[in-house]
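S.K.: Got a structure here, written out as structure tokens. Questions coming.
Number of protein chains: 2
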Amino acid sequence: MATELRPSQALKLWQQATLDLVRDDEPDLSLRQMAILLTVYLEAPPHTVRDLAVKLGVTKPAITRALDTMGRMKLISRKRDVSDRRNVLIGRTVEGVLYVEKLADLIVGTAKELPR
Amino acid sequence: MATELRPSQALKLWQQATLDLVRDDEPDLSLRQMAILLTVYLEAPPHTVRDLAVKLGVTKPAITRALDTMGRMKLISRKRDVSDRRNVLIGRTVEGVLYVEKLADLIVGTAKELPR
DNA sequence: AAAGGCTATAACGGTTCCGAAACAAAGTGG
DNA sequence: CCACTTTGTTTCGGAACCGTTATAGCCTTT
Chain W
93 MATELRPSQA
103 LKLWQQATLD
113 LVRDDEPDLS
123 LRQMAILLTV
133 YLEAPPHTVR
143 DLAVKLGVTK
153 PAITRALDTM
163 GRMKLISRKR
173 DVSDRRNVLI
183 GRTVEGVLYV
193 EKLADLIVGT
203 AKELPR
Chain E
93 MATELRPSQA
103 LKLWQQATLD
113 LVRDDEPDLS
123 LRQMAILLTV
133 YLEAPPHTVR
143 DLAVKLGVTK
153 PAITRALDTM
163 GRMKLISRKR
173 DVSDRRNVLI
183 GRTVEGVLYV
193 EKLADLIVGT
203 AKELPR
């Protein structure tokens with residue numbers, strides 16, 4: 093066991109961080125997009141559409157669509173796998189790194205101000 | 093200062109909890125809907141459309157639409173304010189309480205398993 | 001090389017959401 | 001009583017998203 097968090101603290105943390113994300117100028121990511129983004133940035137590559145679909149428990153077209161949108165936002169990159177050209181490898185981008193770092197700061201900052 | 097959370101822990105917490113929410117059968121709430129729900133359930137009433145719009149930094153129609161959807165899901169209730177009939181008071185429901193409690197459990201559970 | 005399986009994506013019909021603008025109802029102040 | 005403000009909702013055109021189904025390209029296996 094690592095981080096102790098009481099239910100009321102957990103909810104306040106979630107509320108504040110969510111509020112901050114919504115108030116931000118940038119268009120909100122959906123929960124699915126958030127899950128994809130964080131999985132790609134926190135877990136070891138390679139990441140494929142299929143893997144992500146299984147991991148999130150959604151259909152592959154849903155992943156493709158989310159990647160379309162996030163690609164337009166430059167939050168992720170797509171590249172054909174040269175060793176098996178059926179696969180598409182999802183990669184990180186500079187903008188994506190910045191987004192994730194900003195998210196981390198936001199959560200850490202919110203947690204700091206939680207009542208004890 | 094209350095809760096110590098390193099950036100990598102914060103991100104893993106957010107990823108795991110988001111993943112759990114996505115994998116859930118229930119349709120995902122958008123970030124806006126989540127922010128509204130938690131604000132209504134964590135902060136003291138009364139809650140009006142206008143207050144929520146200001147608090148989230150979005151337009152009033154956006155709040156109305158979110159309330160429509162969440163009302164259909166029975167996560168919130170709407171009632172005319174008798175003392176000023178222009179206002180609509182947003183209230184809690186049994187289903188909403190359950191949803192919020194489940195969310196709290198999910199976050200607390202995830203936090204418990206975070207690497208130290 | 002032909003068949004079949006796998007990968008990702010496109011297409012389809014329906015729903016939801018967006019911001020902007022218009023609107024109806026209720027309150028306020030002259 | 002009559003403008004004027006305030007509140008919430010509706011409408012509009014456009015975009016994103018959903019799951020399902022259909023395709024196209026690649027790989028494997030025989």
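Same order as they appear, the protein sequences are chains W and E.
Each number in my numbering comes from the position in the first sequence (counting from 1) with 92 added on.
Each number in my numbering comes from the position in the second sequence (counting from 1) with 92 added on.
Cβ atoms here follow ideal geometry from the backbone N, Cα and C, with glycine treated the same way.
Listed from N- to C-terminal order along the chain, which residues in the segment 158-177 of chain E have their beta-carbon within a distance smaller than 9 Å of any beta-carbon of chain W?
M.R.: none
S.K.: Just confirm the distance between the C-beta atoms of Q125/W and A154/W, as a whole number of angstroms; I'd bet it's less than 8 Å.
M.R.: By one-based count along the first sequence, residue 125/W stands at place 33. By one-based count along the first sequence, residue 154/W stands at place 62. With a Cβ gap of about 10 Å, Q125/W and A154/W do not count as contacting.
S.K.: Using a Cβ-Cβ cutoff of less than 8 Å, which residues in the same chain neighbour R172/W once the five nearest sequence positions on both sides are dropped?
M.R.: The residue you call residue 172/W lines up with position 80 of the first sequence. Contacts found: N179, V180 and L181.
S.K.: Leaving out the 5 sequence neighbours to the left and right, which residues in its chain are closer than 8 Å to T161/E when beta-carbon positions are compared?
M.R.: Looking up residue 161/E in the second sequence gives position 69. Once the five neighbours on either side are set aside, the close Cβ partners of T161/E are Q125.
S.K.: Taking the CB atoms as reference points, tell me whether L198/E and A136/E lie closer together than 7 Å.
M.R.: Counting from one through the second sequence, the residue named residue 198/E turns up at place 106. Counting from one through the second sequence, the residue named residue 136/E turns up at place 44. In this structure, A136/E does not lie closer than 7 Å to L198/E by Cβ.
S.K.: Quick one: what's got a C-beta closer than 6 Å to W106/E's C-beta in the same chain, skipping five residues either side?
M.R.: Here residue 106/E refers to the residue found at position 14 of the second sequence. Cβ within range, chain order: n/a, list empty.
S.K.: How would you label K104/E, buried or exposed, when you count the other beta carbons within 10 angstroms and need 16 or more for buried?
M.R.: Translated into the one-based positions of the second sequence, residue 104/E becomes position 12. Counting Cβ neighbours within 10 Å, K104/E comes out buried, since at least 16 surround it.
S.K.: Starting from I182/W, follow its DSSP beta bridges and name the residues at the other end.
M.R.: Residue numbering aside, residue 182/W sits at position 90 when the first sequence is read from its first letter. Its beta-bridge partners are R170/W.
S.K.: Please list, in chain order, all residues of the same chain as A145/W whose beta carbon is under 6 Å from its beta carbon, the five residues on each side excluded.
M.R.: Against the first sequence, residue 145/W aligns to sequence position 53. K152 and I155, listed in sequence order.
S.K.: Have a look at L148/E and T140/W and give me their C-alpha separation to the nearest angstrom.
M.R.: Taking the second sequence and counting its residues from 1, the one referred to as residue 148/E is at position 56. Taking the first sequence and counting its residues from 1, the one referred to as residue 140/W is at position 48. Between L148/E and T140/W, the C-alpha separation is close to 35 Å.
S.K.: Would DSSP call V141/E helix, strand or coil?
M.R.: Reading the second sequence from its first residue, position 49 is the one you call residue 141/E. Looking at V141/E - three-state DSSP - the assignment turns out to be helix.
S.K.: I'd like to know if A136/W contacts chain E, where contact means its C-beta is closer than 7 Å to some C-beta of that chain.
M.R.: Mapped onto the first sequence, residue 136/W falls at position 44. It does not; no Cβ of chain E falls within 7 Å.
S.K.: Compute the distance between the beta-carbons of G183/W and L167/W, then report whether it is under 7 Å.
M.R.: Position 91 of the first sequence holds residue 183/W. Position 75 of the first sequence holds residue 167/W. For G183/W and L167/W, no; Cβs fall outside 7 Å.
S.K.: Measuring only between beta-carbons, confirm whether L103/E sits less than 7 Å from chain W.
M.R.: Residue 103/E sits at position 11 when you count from the first residue of the second sequence. It does: the Cβ of L103/E has a partner Cβ on chain W nearer than 7 Å.
S.K.: Measuring only the C-alpha atoms, how far is L97/E from K204/W?
M.R.: To locate residue 97/E, count along the second sequence from 1; it is residue 5. To locate residue 204/W, count along the first sequence from 1; it is residue 112. Answer to the nearest angstrom: the Cα atoms are 8 Å apart.
S.K.: Secondary structure at D117/E, three-state DSSP: helix, strand or coil?
M.R.: As a working mapping, residue 117/E is identified with position 25 in the second sequence. Residue state, collapsed to three classes: coil.
S.K.: Is the CB-CB distance between A196/E and V200/W below 7 Å?
M.R.: Reading the second sequence from its first residue, position 104 is the one you call residue 196/E. Reading the first sequence from its first residue, position 108 is the one you call residue 200/W. For A196/E and V200/W, no; Cβs fall outside 7 Å.
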